[in-house]
Structure formats: structure tokens, C-alpha cells
Amino acid sequence: MKRCVVLGANGFIGNHLCRTLLAAGHQVVAFDIARDFSGLRDVAGERLETLSGDFLDRATVRQALRGSDWVFHLVSTTLPASSNQNMLFDVQSNVVASVALLEECRDHGVEKLVFASSGGTVYGVPETLPVTEEAATGPVVSYGVTKLMIEKYCYLFRHQFGLNSICLRLANPFGPGHHGSAQGAISVFLRRLLQGQPIVIWGDGSVVRDYLYIGDTADAFLRAACYRGSRHVFNIGSGQGYSLNQVIARLEAVTGRAPEVIFEAARGFDVPRIVLDSRWAHTELEWQPVIDLDEGIRLTWEALQGEQPT
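One point on numbering: in this note's numbering, the residue at position 216 of the sequence shown is 280, and numbering is uninterrupted.
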């Protein structure tokens, strides 16, 4: 049993990761700036500890890390859509705070740090698809630049101080429990379908993304923590690309509801196409997704319907 600290535990990925770690028999410290951990109430027990604190407060983070074996860094203060609006804040609140975290992990003798990077933004506009970890990186949004900078600092601490870290370049996770409205196309679209509201798409719907079910995403973090090999960066995706128009068609097929779609002006930071090659994760982490897009949509739709008041 490992003592696991999940930074950003109240987020979509963090909530599912806490559950995955608990199911695997580990002890979990769920750390988040939010004070309400009601999303984990049904798995509360002696192996789950909740700690409310600000990731930017180094003393509070230090408290969370005491006695920890594995640390999962899922915190981000910005989104791709917001990061270009205040790039200085993006760097100060994400890169600087993450370097402080790395120092604390080094000083506390943390066994493994797993960082949630972004497969959708660190590569920029790829020359070929699917994109491998060895492809050139050229982010076109501040969010991707800061994720890449944190990756580089993880490597630096690995090389200089022996801090064992893994960076997971994630595709677009989706699934039950995602309640945000600013990102996460599939969950946002399904919620609007359920509420009888139109779906808004930026651009003409031709933007292609790699979508990954949240259960498979959480499993990748657990496998990365257990990994004993030499690689330190992994793509985590399905290897399949779907345009937004294709996603809309899949949603209609699964739910039986035809959405009203509103097309608005394209956003300058959206790369046209991104699909991840995850062969390193398959061979090194022995990880591969088990829930395909249609099944994931069905599970998400059923969960959303279950949340509706009776």
C-alpha cells in the first residue's frame, strides 16, 4: 500500500484517480482548493484523507506531502481558452508553483511524481498523425507552453536530483462526473442535449481530437506510478481521431436525440487535428484503452440521466 497525494482531487480526473487508487488498495490524500469533497463521499473511509489548501501555498503543499510515496500533479490554474489572456499569470501560477512542488518532492524523498501534461497542446500543429512522443513540440497556446516547461523541470529534477517522475500527455478525457462547461466537448454536449439546449461549436466542426474515457485515463496514472522503466514521457490517447461533426453524429446515434448545432467563429488557439500515438504506453506501461467512443458516450449519457431530479 502506497500513500498517494492527489493534487487537484476535486477535478474531473482527480476524482476518478482517487477512486482508482482506493480500489487498488492504496491510501489517498485528496488535496484541493475546494473545501467540499462531496464527490468522494461514497468512497470515504480510513484510507481516504481530504485536505483543503491552495496549490500556490507552499506550506500547505508541504503538509500534504508528509510521508507520501506517490504524488499526482493534476493542478492547473488555467485552461487553453483562458491561458493566452494572462500569460504571466499562467507562468507564475503553474510553472513557478510546480517547481516549488518538485523541490518539496525532492526534499521529502517522494518515490514517484506523475504529472498531467497535455497531448492536445504541447505539440502545436503536428506535421504527421498520429503524433509520437518524439515529434517536435511547438505549442500555439500558453497552456501548452507551461505544460511543456513543467515537463522540462520534471526532467531536470530527475537528472540532477534523482526525483523519479512521469509526464503523461493526455488526450481529451471524457466520461461521467465531468460537470465543467468551459471544456470537455462530449460531456458539455451531452448535458446540453439532456437540457434541450443547442450545442455551440467554434469553427465548422472539422477540428479533430483524440477522446479517451476517464476510466482508462485514471488507469494510466496508476500504471505510470507503478512503472519502473526508463522512459519519462508518455502519450495517453485512443489513437483514433474524430471531428466535432463526427462526435455530434455519434451523440445522436447513442442518445436518439438530434441536437440543434450553432456554429460560431473558430478560435485561434485550436489546432486543426491532433491524434496521439500511444504505443510507448502500450509496451512500457502495459496500458491500453478498453472503452471505445460509443461505449463511453453511452456510459456518460446514462450517468447524466441518473443525475436528473426525479
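Every residue, glycine too, gets a C-beta built ideally from N, C-alpha and C.
- Around N309, the same chain offers G269 as residues with beta carbons nearer than 6 Å, after the five sequence neighbours per side are excluded.
- Counting every other CB atom within 10 Å of its CB across the protein chains shown gives D106 a total below 16, marking it as exposed.
- With fewer than 16 other CB atoms across the displayed protein chains lying within 10 angstroms of its CB, I326 is exposed.
- For R67, the beta-bridge partners assigned by DSSP are Q91.
- Here the stretch 361-372 makes no contact with the stretch 215-234; the two share fewer than three CB pairs at distances below 8 Å.
- Residue state for H137 is assigned as strand, using DSSP reduced to three classes.
- Residue pairing by DSSP places A180 opposite L232 in a beta bridge.
- C-alpha of A289 to C-alpha of E324: approximately 43 Å in a straight line.
- The shortest C-alpha to C-alpha distance from I278 to any of V189, A235, A330, V159 is the one to A235.
- Bridge partners of P237 according to DSSP: L276.
- In the pairwise beta carbon analysis, the stretch 196-206 is classified as touching the stretch 134-152: at least three pairs are separated by under 8 Å.
- Around E215, the same chain offers F179, S181, V186, C231, V297 as residues with beta carbons nearer than 8 Å, after the five sequence neighbours per side are excluded.
- V159 is the residue among E191, V252, G293, V159 whose C-alpha sits nearest the C-alpha of T210.
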